[in-house]
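Colleague: Structure provided below as structure tokens; questions to follow.
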Amino acid sequence: RLKRHRAVATRYDKLAVRYEATVLVAAINEWL
């Protein structure tokens, strides 16, 4: 159960990083 939870947490972490990068790129485009 704990291992499964860790896998889900890692997946959400990667998703959050990707989302953050997308927002950052959008913000840079707004500045330019």
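In this text, residue positions in the sequence shown follow this note's numbering: the first is 31, and each later residue adds one.
The beta-carbon is built from N, C-alpha and C at its ideal position, and this holds for glycine as well.
On a predicted model such as this, the values are computed, not experimentally measured, just so you know.
How big is the Cα-Cα spacing for Lys33 and Val55?
Modeller: Answer to the nearest angstrom: the Cα atoms are 33 Å apart.
Colleague: By the three-class DSSP mapping on this structure, what secondary structure does Leu62 have?
Modeller: Correct three-state label for Leu62: coil.
Colleague: Which value, in whole angstroms, describes the spacing of the CA atoms of Lys44 and Ile58?
Modeller: Those two C-alpha atoms are separated by around 21 Å.
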